Amino acid sequence: DLSRLAAEWVWETEAQGHITYLSERVKDSLGFIPEQIAGKTFQDLGVFYTKGGNAHIVDMERPFRNVRFKTLDKSGAVRVLKVSGLPYYNPESWSFEGSYGICDDVTEREQNIIALHEAKEQADAANAAKSTFLSSMSHELRTPLNAILGFGQLLESNPEEPLTEAQSTGLAQIMGGGRRLIRLIDEILDLAKVEAGQLDVETDDVLVAAIVEECREQVA
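Heads up, the sequence shown is in the numbering used here, so the first residue is 42 and it goes up one at a time.
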């Protein structure tokens with residue numbers, strides 16, 4: 042029997058839809074021997090449904106291909122099949138006499154697809170939460186920074202109490218570090234734009250010596 046060599050299992054029905062033949066492969070998929078299912082219809086065993094999950098009625102008098110079918114195996118677990126079939130007509134009277142076709146057990150594949158969708162949804166949710174956190178954190182960091190830079194500006198512009206040279210140098214470091222931190226916060230906010238593909242890159246001349254000197258002073 043060539044049907045034993047196929048991964049799918051073969052079925053046949055008579056005109057009223059009752060199953061008259063099943064290949065031995067049905068036992069590998071559902072746990073039943075063919076004799077336990079013979080005489081039943083597909084409607085007795087489960088339900089056809091569309092890719093969107095809606096119940097679907099299959100016209101056995103017309104060819105159909107890869108229609109999803111949900112049923113239970115011998116242990117009571119849900120199995121998902123893809124059923125394809127062709128009608129058989131009497132060559133003399135052209136009356137409909139039944140259908141025949143194959144069933145492919147795609148339970149594991151369907152479960153993997155569902156798992157992938159769930160993993161993607163979880164990843165998207167985590168990514169959205171990260172972006173929300175970065176945005177919120179960046180705005181919260183601005184509040185104390187505004188106080189630091191604001192009072193620093195007051196010290197710089199206070200003519201009544203001029204700063205010593207050492208104080209001016211320290212204040213310059215405070216102001217410079219604060220401005221760098223503001224730029225860093227802006228760059229954190231730009232991460233959301235990167236993920237959305239909306240970041241505009243600008244090129245500009247850079248004074249390398251000035252940057253190196255700024256880093257040297259900060260480290261010192």
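All residues carry an ideal CB built from backbone N, CA and C; glycine is no exception. Note that this is a predicted model, so its numbers are computed, not measured.
According to DSSP, residue pairing for G191 in a beta bridge does not occur. In the three-state scheme derived from DSSP, where H, G and I count as helix and E and B as strand, A261 is classed as coil.
Burial check for I252: the Cβ neighbour count within 10 Å stays below 16, so the residue is exposed. A Cβ-Cβ distance of about 19 Å is found for the pair L222 and L195, leaving them out of contact under the 8 Å criterion. Contact check for I226 against I189 fails: the beta carbons are separated by 8 Å or more. Using a 10 angstroms sphere on the CB of G117, the tally of other CB atoms stays under 16, which defines it as exposed. Here Y90 is near R109, since their CB atoms are less than 8 Å apart.
Spanning the alpha carbons of E55 and S140 requires a straight line of approximately 7 Å.
For S70, the enclosing alpha helix (DSSP H) begins and ends at 66-71.
At a Cβ-Cβ threshold of 8 Å, I98 and G80 do not count as neighbours. Using a C-beta cut-off of 8 Å, the stretch 151-166 makes no contact with the stretch 70-85, since fewer than three inter-stretch Cβ pairs fall below that distance.
In the displayed model, V247 falls within coil according to three-state DSSP, outside both helix and strand. The straight-line gap separating the alpha-carbon atoms of A164 and G72 is approximately 37 Å.
Annotation: the continuous beta strand (DSSP E) that includes D146 extends over 137-146. The alpha-carbon separation between A261 and A166 amounts to approximately 44 Å. Judged by their CB atoms, I229 and S179 are nearer to each other than the 8 Å cut-off.
By the Cβ-count criterion, S64 is buried, with 16 or more other Cβ atoms from all chains shown falling within 10 Å of its own Cβ. Beta-bridge pairing by DSSP links E206 to no other residue. According to the DSSP assignment, P75 belongs to the alpha helix (DSSP H) that extends over 75-78.
Taking C-alpha positions only, R183 is separated from F174 by approximately 14 Å.
Q84: member of the alpha helix (DSSP H) spanning 83-86, first to last residue. Across the set E243, R220, L86, S134, the C-alpha of L86 shows the shortest separation from the C-alpha of V119.
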